[in-house]
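Trainee: Residues 4 to 234 in this note's numbering are what the sequence shown spells out, letter by letter. Think of the CB as a built atom: it goes at the ideal place given N, C-alpha and C, for glycine as much as any other residue.
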Amino acid sequence: MEKIVILTGAGISAESGLGTFRDEGGLWAQHRIEDVATPDGFARNPAVVQKFYNARRVQAAQAQPNPAHTALTHLQRNWPGEVIIVTQNVDGLHEAAGSENVIHMHGTLAGALCTTCDHRWVAPPEMSVGEPCPACGGPTARPDVVWFGEMPYFMDLIYDHLANAAIFASIGTSGQVYPAAAFVHEATMSGARTVELNLDPSSGASSFDQVILGPASETVPRWVQKLLRES
Ligand SMILES: [Zn+2]
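#1: Between Gly162 and the rest of its own chain, which residues show a CB-CB distance below 7 angstroms, the 5 nearest in sequence each way excluded?
#2: Starting from Thr191, follow the alpha helix (DSSP H) in both directions and report where the run begins and ends.
#3: For Thr3, which residues does DSSP report across the bridge?
#4: Closer than 7 angstroms by C-beta to Gln53: which residues in its own chain qualify, once you throw out the five before and the five after it? Chain order, please.
#5: Here's the rule I'm using: 16 or more other beta-carbon atoms within 10 Å means buried, otherwise exposed. How should Gln181 be labelled?
#6: Does the distance from the CB of Leu165 to the CB of Phe171 come in under 9 angstroms?
#7: Run through DSSP, which three-state label would Arg123 get?
#8: Around ligand 1, what residues have a beta-carbon under 5 angstroms from a heavy atom of it, in chain order?
#9: Who pairs with Glu18 in a beta bridge, going by DSSP?
#10: Beta strand (DSSP E) containing Arg196: first to last residue?
#11: Taking 9 angstroms as the cut-off, decide whether the C-beta atoms of Leu96 and Gln67 are in contact.
#12: I need the boundaries of the beta strand (DSSP E) containing Gly110, first residue and last residue.
#13: Using alpha carbons as the reference points, say which of Ile15, Val93, Val8, Ala169 lies closest to Thr176.
#14: For a test of the three-state rule: what should DSSP assign to Arg60, helix, strand or coil?
#15: Who are the near neighbours of Leu160 in its chain, counting only those whose CB is closer than 8 angstroms to its CB and skipping five residues on each side?
#16: Considering only residues of the same chain and omitting the five flanking positions on each side of Glu178, which have a CB-CB separation below 6 angstroms?
#17: Determine the burial state of Gly12: buried for a count of at least 16 other Cβ atoms within 10 Å of its Cβ, exposed for fewer.
#18: When the Cβ atoms of the stretch 217-234 are set against those of the stretch 32-40, are three or more pairs found closer than 8 angstroms?
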């Protein structure tokens with residue numbers, strides 16, 4: 004049974020209308036990264052940060068999965084081995100498309116985290132400054148998303164999966180941000196076949212056995228169909 008490990012990034016959510024800090028226009032354009040996506044920014048002005056993530060939470064809740072998300076769910080359901088989806092995205096579009104056991108390495112907009120006791124719970128649609136933690140009562144709730152300068156979640160689990168991967172696919176990621184940028188090297192060392200699916204070649208494209216260029220909503224369904232035909 005061949006295990007497939009898939010890393011997804013902003014490029015797969017972009018076609019569902021969710022922008023990133025690299026895009027012009029949209030939510031991110033009105034803010035500096037250091038103000039809304041760093042622990043220091045949160046310490047300086049928690050109200051601005053909560054407001055920013057409240058807006059992103061609303062936007063993500065209104066977004067619909069696109070054919071790339073749906074194709075990965077189809078792969079998970081029909082591939083004879085395990086299909087692990089690791090995502091850098093904080094939206095819930097993989098789950099909305101029916102995918103299971105999605106590993107959110109950068110956390111999720113759906114979650115709240117207590118900075119005092121590390122308790123996690125389901126975030127209300129609107130989080131406010133001083134929102135009490137249901138475990139310790141401290142007024143120290145933050146969005147459960149990984150900010151710049153923070154260590155992504157589930158790294159041990161992800162490396163365990165990569166060590167057993169027969170196929171590693173990177174979909175819609177820039178290939179610039181470590182540790183995710185190193186996943187292809189880990190997978191290659193494990194003997195996996197590696198493929199990048201991206202709109203443009205990423206900075207790490209030369210590390211992959213194969214590069215497929217185009218919008219994820221077109222390339223991913225075709226790639227999945229081919230894999231299933233050959234399985
Ligand atoms: Zn707490």
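Mentor: The short version:
#1: Correcting the residue identity first, residue 162 is Tyr in this sequence and not Gly. The answer, listed in chain order, is Glu189.
#2: 186-192
#3: Because residue 3 is not part of the residues shown, which for the chain are 4 to 234, the question remains open.
#4: Met130, Ser131, Val132
#5: One point to set straight first is that residue 181 is Tyr, not Gln, in the sequence displayed. Burial call: exposed.
#6: yes
#7: strand
#8: Cys117, Thr119, Cys120, His122, Cys136, Ala138, Cys139, Gly141
#9: DSSP, once it has assigned bridges, lists no residue as partnering Glu18.
#10: Run containing Arg196: 196-201, per the beta strand (DSSP E) assignment.
#11: yes
#12: Residue range 110-117 is occupied by the beta strand (DSSP E) that includes Gly110.
#13: Ile15
#14: helix
#15: Ile106
#16: According to the sequence as given, residue 178 is Gly; it is not Glu. Within the same chain, Gly178 has close Cβ partners Ala184, Ser205, Ser206, Gly207.
#17: buried
#18: no
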